[in-house]
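**Q** FYI, the numbering for the sequence shown is 1 to 123, going by my numbering.
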Amino acid sequence: MNLVSFGLIFTGVMLNAAAQILMKAGTNVIGHFEFSAENILPIGWKLATEWHIVTALFCYGISVVVWILALSRVPVSIAFPMLSMAYVVNAIAAWYLLGEAFNPTKLVGMGVIILGVIIISRA
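In structure tokens form, the structure reads like this:
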């Protein structure tokens with residue numbers, strides 16, 4: 001895999017991870033809600049106008065373009081497993097930015113993911 005291909009995959013992973021963190025931050029601002037017929041419009045409006053969520057959707061849109069560019073250069077059997085690195089980035093970002101729990105089990109899981117990505121990328 002060359003530097004451009006790696007850069008595209010890395011950018012796609014980071015945009016995906018950023019979108020997840022932004023969506024969670026947006027839902028933290030809005031708070032817990034239930035989907036029901038009477039709150040579809042009020043909650044829908046809150047979701048559509050919450051800047052974290054709008055930015056998250058923008059990140060997703062850009063990530064799709066970046067991902068298409070990556071897939072034009074790298075076999076999907078190599079590229080797709082790299083997306084699992086978004087879990088590692090998200091777990092660290094959620095701990096650091098959102099105060100979510102971080103424990104040894106997550107650390108071991110992240111190690112397994114990293115090891116798996118290394119193995120697959122060398123295949």
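For glycine and all other residues, C-beta sits at the position ideal for the given N, C-alpha and C.
Only a predicted model underlies this, so the values are computations on that prediction, with no experimental measurement involved.
Hey, would you say V88 sits closer than 8 Å to I114, going by beta carbons?
**A** Contact: yes.
**Q** Assuming G26 and E50 make a contact with CB atoms under 8 Å, what is their CB distance in whole Å?
**A** 4 Å between Cβ atoms; contact.
**Q** Are the segment 11-28 and the segment 50-61 touching by the rule of at least three beta carbon pairs closer than 8 Å?
**A** Taking 8 Å as the limit for Cβ pairs, the verdict is that the segment 50-61 does touch the segment 11-28.
**Q** DSSP state of F102, grouped into three classes?
**A** Coil.
**Q** Answer with buried or exposed for I118, where buried requires no fewer than 16 other C-beta atoms within 10 angstroms of its C-beta.
**A** Label assigned to I118: exposed.
**Q** Skipping 5 residues on each side, what residues in its chain have a beta carbon closer than 6 Å to that of K46?
**A** I30.
**Q** Quick check on this structure: which residue in F80, L107 and E34 has the alpha carbon closest to the alpha carbon of N16?
**A** Nearest option by C-alpha distance: F80.
**Q** Would a C-beta distance cut-off of 8 Å place M1 and S121 closer than the cut-off?
**A** Against a cut-off of 8 Å, the Cβ pair of S121 and M1 comes out as a contact.
**Q** State buried or exposed for N90, treating a residue as buried only when at least 16 other CB atoms are found within 10 Å of its CB.
**A** By the neighbour-count rule (16 or more Cβ atoms within 10 Å), N90 is buried.
**Q** Give the list of continuous beta strand (DSSP E) stretches no shorter than 3 residues that lie fully inside the segment 44-100.
**A** List check, beta strand (DSSP E) in window: nothing returned.
**Q** Would you kindly check if the distance between the Cβ of V13 and the Cβ of M82 is under 8 Å?
**A** Cβ atoms of M82 and V13: closer than 8 Å.
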